[in-house]
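Numbering (our numbering), first residue to last: 8 to 273.
Ideal Cβ placement from N, Cα and C applies to all residues, glycine included.
No experiment lies behind these values; they were computed from the predicted model shown.
So, in structure tokens, the structure goes:
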């Protein structure tokens, strides 16, 4: 008989899924989501790397509340990423979505069996490849200046003309930067195995003083990392209207398909 406890009152543990790998080894002594050591759950020829998560903090109701707490969310994301990143340094990994929590090992093993073909295919596709990120920000003043039109009409009219010229220059700068971002993305995507163009981040999230016009992710083979970085530098030189920021290598978060409507707590 199987029973399901009330996660709002239970003092036991659930299972936080970090990722799926093909090998059997997990990093020794690596702390998981709640500081508990990661461990392996094997089934169907695959291995899920998990850590025990106290229900008092990671149970269904508690998790729903905590996901609204930005400070808690940042800590959880960092702990989760640390495990995924360590796994990615040893080989291909399918990162789990943040806050994927299962009731027990049996449920994790069932997922490995039910999704075996999908997961095994993804591991094969990701083997020997990693994700690189390229963000592009508008560089003010890098586009041709719009000349202020002459005309009379006094100080008020002159102010309006200057203001219109400033707005026109800003719009032209945004347009040129957007066109440049599209060109840069196409060039990088052509070099990579696969590419994704995410929505630009808000300035409050990016922390940048100017607007982001490119938020690209690129899956690049290990032996082409240097060439990819060199291409990014070359593109930056050819597009002064953009400030390009290259980061990586990262685990391939952007290149793992998420099943529709998969619950975070299962």
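Span separating the alpha-carbon of residue i from that of residue j
{"i": "residue 188", "j": "residue 196", "result": "12 Å"}
{"i": "residue 37", "j": "residue 252", "result": "30 Å"}
{"i": "residue 128", "j": "residue 247", "result": "41 Å"}
{"i": "residue 68", "j": "residue 213", "result": "30 Å"}
{"i": "residue 65", "j": "residue 245", "result": "49 Å"}
{"i": "residue 86", "j": "residue 232", "result": "26 Å"}
{"i": "residue 10", "j": "residue 111", "result": "Bear in mind that the predicted position of residue 10 carries a pLDDT of just 32, short of 50, making it too unreliable to give a figure here."}
{"i": "residue 249", "j": "residue 80", "result": "31 Å"}
{"i": "residue 254", "j": "residue 75", "result": "28 Å"}
{"i": "residue 215", "j": "residue 144", "result": "8 Å"}
{"i": "residue 93", "j": "residue 139", "result": "16 Å"}
{"i": "residue 198", "j": "residue 235", "result": "7 Å"}
{"i": "residue 209", "j": "residue 105", "result": "21 Å"}
{"i": "residue 126", "j": "residue 194", "result": "30 Å"}
{"i": "residue 122", "j": "residue 227", "result": "25 Å"}
{"i": "residue 147", "j": "residue 221", "result": "15 Å"}
{"i": "residue 206", "j": "residue 260", "result": "15 Å"}
Boundaries (first-last residue) of the alpha helix (DSSP H) holding residue i
{"i": "residue 82", "result": "77-95"}
{"i": "residue 70", "result": "67-73"}
Simplified DSSP state of residue i, which is helix, strand or coil
{"i": "residue 211", "result": "helix"}
{"i": "residue 204", "result": "strand"}
{"i": "residue 112", "result": "helix"}
{"i": "residue 26", "result": "strand"}
{"i": "residue 106", "result": "coil"}
{"i": "residue 196", "result": "helix"}
{"i": "residue 152", "result": "Per-residue confidence for residue 152 stands at a pLDDT of 49, beneath the threshold of 50, marking its modelled position as unreliable; no derived number is given."}
{"i": "residue 21", "result": "strand"}
{"i": "residue 120", "result": "helix"}
{"i": "residue 263", "result": "coil"}
{"i": "residue 100", "result": "coil"}
Residue span of the beta strand (DSSP E) that contains residue i, given as start and end
{"i": "residue 123", "result": "No beta strand (DSSP E) holds residue 123; the alpha helix (DSSP H) holding it covers 123-133."}
{"i": "residue 136", "result": "136-145"}
{"i": "residue 49", "result": "46-50"}
{"i": "residue 60", "result": "53-61"}
Cut-off 8 Å between Cβ atoms - residues of its own chain near residue i, not counting five sequence neighbours on either side
{"i": "residue 12", "result": "Note that residue 12 scores a pLDDT of 39, beneath 50, so its modelled location is shaky and nothing firm can be said."}
Sequence-distant residues of the same chain with beta carbon closer than 6 Å to residue i, five excluded per side
{"i": "residue 59", "result": "20 and 43"}
{"i": "residue 223", "result": "141, 192 and 204"}
{"i": "residue 218", "result": "145"}
Cβ neighbours of residue i in the same chain (closer than 7 Å, five flanking residues each side left out)
{"i": "residue 50", "result": "116, 119 and 120"}
{"i": "residue 263", "result": "101, 102 and 129"}
Query raised in the report: In chain order, which beta strand (DSSP E) runs of at least 3 residues are fully inside the region 213-255?
Result: 219-228
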